[in-house]
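In this note's numbering, the protein residues as written are 43 to 781. In this text, a Cβ means the ideal position worked out from N, Cα and C, and glycines have one as well.
Printed below as a string of C-alpha cells:
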C-alpha cells in the first residue's frame, strides 16, 4: 500500500492543477445539486420492534384520522393574581385563542377547548389548550410554528401569563456558531503548531472542501433518500474533525521530509506513502464505527451513520489527492521562517530534544508509575458511570428562561408533574368477544396500579380499538413513571390471556422509554462489533496481537471515564453551574452509543498515526525503546494539535441552550481529552515500554495468513534504497515513479 500511495502522492503533486480542478468541479456539482433539490423536512422517525411503535402503527391503521404520532402542543394560561381563568373576560380570551389556533394552519388536527375537556386546575388559576397536529414535530412548517407562537403572544396582551410547551416547538438546534468557534480555535492551534499561515490554512481549506462536498451531497439526496434535515449535523461534525486531522498528518510528514533535504515532489510522495497509509486505516476505523450504528436498528441513526461515513471517505480521498496537490501550489512557503530555523536546529547533533522526545524518555524511565497513575486516575473518574441512568430529556430539562420550561412548571404546579407526560394505552379488541368489557377492565387495572388520572376508553368507529389516556403521578423522565409503564404492560399480559384483547402502551413518554431501552440493549453488541472489527484491522496494520489489544482496552477505559464525568456533571450536578446545567436528570439515551462511535474513530486516528511511526522506526532497525522515542519525536506535536482542535470543536457545543447538544459536546470533548492525553500519550508508551519486543509479536502462522499492507513503508524504503544504489541519486525514485 505504501508504494501505491507514494506513486499517487507524486502523481497528484505533478498534476496538481488537474486534481484541484476535479475537486472544485465536484464541489460545484454538489453545491448546485443541493441548491436545486427539494427542501428536506425530516426523516421519518420510527423505532422498529418496540411496543410503542407497534401501537402507533395499529392506531394509524385502525384510526388514521387520529394522528397518534403527530406533534402536540399545550398553550398554558395562568390568570393574574386574584383572578381565575374561568372569569368571563379570561374565558372569552382563551376561547378566542382556541378558534384562532383551529383555523391557523392546515397541519393542525385539533385544538381542544379547555372548558369542554376539563383542562382547568381545581383552583381555577391555570388552564391549557391541547393542540394536536397531523404530522410529527420535525415536519411542521415555520408558518405553523409561527401561528402557535403568535396565538400565545395575543393572549399575553390580556394580562394572563401564557407559555407554550410540547414538541411542536422542537426544532433541530443550529450549530453554526459552535462550528465557527471551533474553526477559529483550530486555525490558531494550526498556526502555533506549524508556524506558517500557509501550512495552517491548508488543512482548514481542504477539510472545508470535503465537508462542503459531503454535506451538499446529503442535502441534494435528502428528499430522495428520506435523509431529513438532521442527517447533515453528524456528517458536518465528523467530517470537519477528521478532515482537519488527516490533512494535518500529511502536511506534518511532508514538512518533516523537506526538513531532511528531499525535493518537494519526493517529499510529497513519501508523506502520502507513509502518513497516507495511516490515514487510510484510521479512516476505515471511523467508517466501521459509523456504519456499525446500523446494529441499533433505528432507521434514522443508520442513515446518519452512513451519511457521515460517506463524508469521512471523502475526507480520506482529499487527504490522499487534494492535499499533496495543494502542497505543490504552496511551494516552499509551506515552511515558515521559524519552522525552517527550528528544523535546522533539530538537525544539528547537539540540538535540544523537543517536548515529545523528553516526555517519551521520562515514560521509558518510569513506565510502571505512569501506567498506574493513568489507569487509576481514569478509574476514579469512571466510578460515577456505575450509577448511569439513561432516558430522554423532556421540557423539564430546558433552561428556565424558555417558554417550554415555564409551561412545564405551570402544568406541574396546576395539575401535577404527571400531566407533562401522559400515557396512551391502546386496547386491540379485535380478537375479543366483548371489547368494551375488556377496555373497562384495562382501565380498572390501571387505576389499581396507582396513577393520577385515567380517562375512560374511547373507541374508534369500527369499535375494535380503544384508547385510554393515563396521567402518571410523577414527571415523564422519572423512574417511577417508567415503572408505571412496565406495570401496565405486565397487567396487559394477564388481560390478553383472559379476554383475548391486546394491551399496548405508547405516547411520547412510552416511546422515550422504549427508545432508551433499545439503545441500552444495543450498546454492548455495538461495542463488540466496532472494537472487534477494528482489532482485526489494527492487527493487520501493526502486525501484532498485543498492540491492537492495548488500543482497544485503552479506548474502553477512556470511554468509561468520560461516561463517569458525564454522570457526575449532568446526572449528579457536580460542577453543573460551570457548564450551564440547570436541571439534572437521566443521561440522554443516545449519548453513550453516539460517543462510542465518534470517539472510537478519533481515538484510532491518534493510535494509528502515533504507533505507526513507532512501528516504522522499529521495522527500520531501532530498538523498541528508541522506536517509542522516535514516534513521539515526530508524532506527539501533531497528535496534540489534532486533539486540541477536536476538543475545541466539540467544546463549542457546550454553550448551546439545548441540553442534548450541551451533553454531546461535553462528552465528546472530555472523551478526547482522556483518550488523547492520558491513554495515547501516557498509557500507550508505558505499556509498550514494559512489553519491549513482545509488543510486536505475531504468531508465524498468523503472520503468513495476514496480507502485508506495508503501512510503515518498509517495502517502499527498500525499493527506494535499492534504486538509489543501482542508479545513484534520485534515479531509483524516478524508476519507482514509472512503475
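Pop quiz: residue i and residue j are said to be a contact at Cβ under 8 angstroms. What is the actual Cβ separation, rounded to whole angstroms?
{"i": "residue 246", "j": "residue 229", "result": "6 angstroms"}
{"i": "residue 717", "j": "residue 650", "result": "That pair is no contact at about 13 angstroms."}
{"i": "residue 543", "j": "residue 469", "result": "5 angstroms"}
{"i": "residue 539", "j": "residue 507", "result": "Contact doesn't hold; Cβ gap of about 19 angstroms is too wide."}
{"i": "residue 239", "j": "residue 231", "result": "That pair is no contact at about 13 angstroms."}
{"i": "residue 117", "j": "residue 139", "result": "7 angstroms"}
{"i": "residue 147", "j": "residue 189", "result": "5 angstroms"}
{"i": "residue 435", "j": "residue 701", "result": "5 angstroms"}
{"i": "residue 429", "j": "residue 611", "result": "In fact, because the Cβ distance is near 13 angstroms, the residues do not count as touching under 8 angstroms."}
{"i": "residue 473", "j": "residue 518", "result": "Rounded, the Cβ-Cβ distance is 32 angstroms, inconsistent with contact."}
Out of the options, point me to the one whose CA is closest to residue i's CA.
{"i": "residue 692", "options": "713, 240, 525, 475", "result": "713"}
{"i": "residue 522", "options": "593, 291, 431", "result": "431"}
{"i": "residue 438", "options": "248, 416, 419, 516", "result": "516"}
{"i": "residue 581", "options": "236, 54, 744", "result": "744"}
{"i": "residue 556", "options": "613, 88, 604", "result": "88"}
{"i": "residue 125", "options": "166, 115, 149", "result": "166"}
{"i": "residue 481", "options": "337, 534, 113", "result": "534"}
{"i": "residue 496", "options": "486, 484, 512", "result": "512"}
{"i": "residue 524", "options": "510, 491, 541", "result": "491"}
{"i": "residue 370", "options": "677, 308, 695", "result": "308"}
{"i": "residue 101", "options": "653, 500, 720, 445", "result": "500"}
{"i": "residue 168", "options": "464, 298, 204", "result": "204"}
{"i": "residue 478", "options": "76, 466, 509, 454", "result": "509"}
{"i": "residue 706", "options": "682, 605, 660", "result": "605"}
{"i": "residue 60", "options": "300, 368, 417", "result": "368"}
{"i": "residue 226", "options": "588, 687, 395, 722", "result": "687"}
{"i": "residue 635", "options": "648, 696, 562, 579", "result": "562"}
What did DSSP end up calling residue i once you bin it into helix, strand or coil?
{"i": "residue 120", "result": "strand"}
{"i": "residue 620", "result": "coil"}
{"i": "residue 750", "result": "coil"}
{"i": "residue 547", "result": "strand"}
{"i": "residue 466", "result": "strand"}
{"i": "residue 152", "result": "strand"}
{"i": "residue 157", "result": "coil"}
{"i": "residue 202", "result": "coil"}
{"i": "residue 780", "result": "Residue confidence for residue 780 is low, a pLDDT of 37 falling below 50, so the modelled location carries little weight; the figure read from the coordinates is stated next. Three-state DSSP puts residue 780 in a helix."}
{"i": "residue 633", "result": "helix"}
{"i": "residue 171", "result": "strand"}
{"i": "residue 389", "result": "Any reading at residue 389 is ruled out, since the residue's pLDDT is 49, under 50, leaving its predicted position unreliable."}
{"i": "residue 421", "result": "helix"}
{"i": "residue 43", "result": "coil"}
{"i": "residue 330", "result": "helix"}
{"i": "residue 183", "result": "coil"}
Hey, residue i and residue j: beta-carbon distance below 7 angstroms or not?
{"i": "residue 366", "j": "residue 289", "result": "no"}
{"i": "residue 667", "j": "residue 655", "result": "no"}
{"i": "residue 285", "j": "residue 324", "result": "no"}
{"i": "residue 281", "j": "residue 321", "result": "no"}
{"i": "residue 573", "j": "residue 601", "result": "no"}
{"i": "residue 329", "j": "residue 564", "result": "no"}
{"i": "residue 162", "j": "residue 143", "result": "no"}
{"i": "residue 326", "j": "residue 350", "result": "no"}
{"i": "residue 206", "j": "residue 449", "result": "yes"}
{"i": "residue 678", "j": "residue 237", "result": "no"}
Just to confirm my understanding: we take residue i, look at its own chain, exclude 5 residues before and 5 after, and list those with CB closer than 7 angstroms. What are they?
{"i": "residue 47", "result": "314, 315, 318, 319, 362"}
{"i": "residue 51", "result": "310, 311, 313, 314, 315, 318, 366"}
{"i": "residue 615", "result": "623, 626"}
{"i": "residue 526", "result": "491, 493, 514"}
{"i": "residue 256", "result": "277, 281, 352, 353, 356"}
{"i": "residue 56", "result": "307"}
{"i": "residue 186", "result": "147, 149"}
{"i": "residue 570", "result": "none"}
{"i": "residue 153", "result": "140, 143, 144, 171, 173"}
{"i": "residue 588", "result": "733, 736, 737, 739"}
Excluding the 5 residues flanking residue i on each side, which residues of the same chain have their C-beta closer than 8 angstroms to its C-beta?
{"i": "residue 791", "result": "There is simply no residue 791 to check, as the chain begins at 43 and stops at 781 in what is shown."}
{"i": "residue 392", "result": "The predicted model places residue 392 with a pLDDT of 48, which falls under 50 and marks its position as unreliable; any figure quoted below should be read in that light. Closer than 8 angstroms at the Cβ level, and outside the excluded window around residue 392, lies no residue."}
{"i": "residue 405", "result": "412, 670, 724, 727, 728, 731"}
So, for residue i: in the same chain, excluding its five sequence neighbours on each side, which residues have a beta-carbon less than 6 angstroms away from its beta-carbon?
{"i": "residue 711", "result": "689, 692, 693"}
{"i": "residue 94", "result": "548, 552, 553, 556"}
{"i": "residue 294", "result": "680"}
{"i": "residue 645", "result": "597, 717"}
{"i": "residue 783", "result": "Nothing can be reported for residue 783: it is not among the residues displayed for the chain, which extend from 43 to 781."}
{"i": "residue 389", "result": "Model confidence at residue 389 stands at a pLDDT of 49, short of 50, so the residue's coordinates are unreliable; what they give is reported in the following sentence. Excluding sequence neighbours, residue 389 sits near nothing in its chain."}
Taking 6 angstroms as the line, does the beta carbon of residue i fall inside it for any heavy atom of the ligand COA?
{"i": "residue 456", "result": "The ligand COA is not part of this structure, which contains no ligands at all."}
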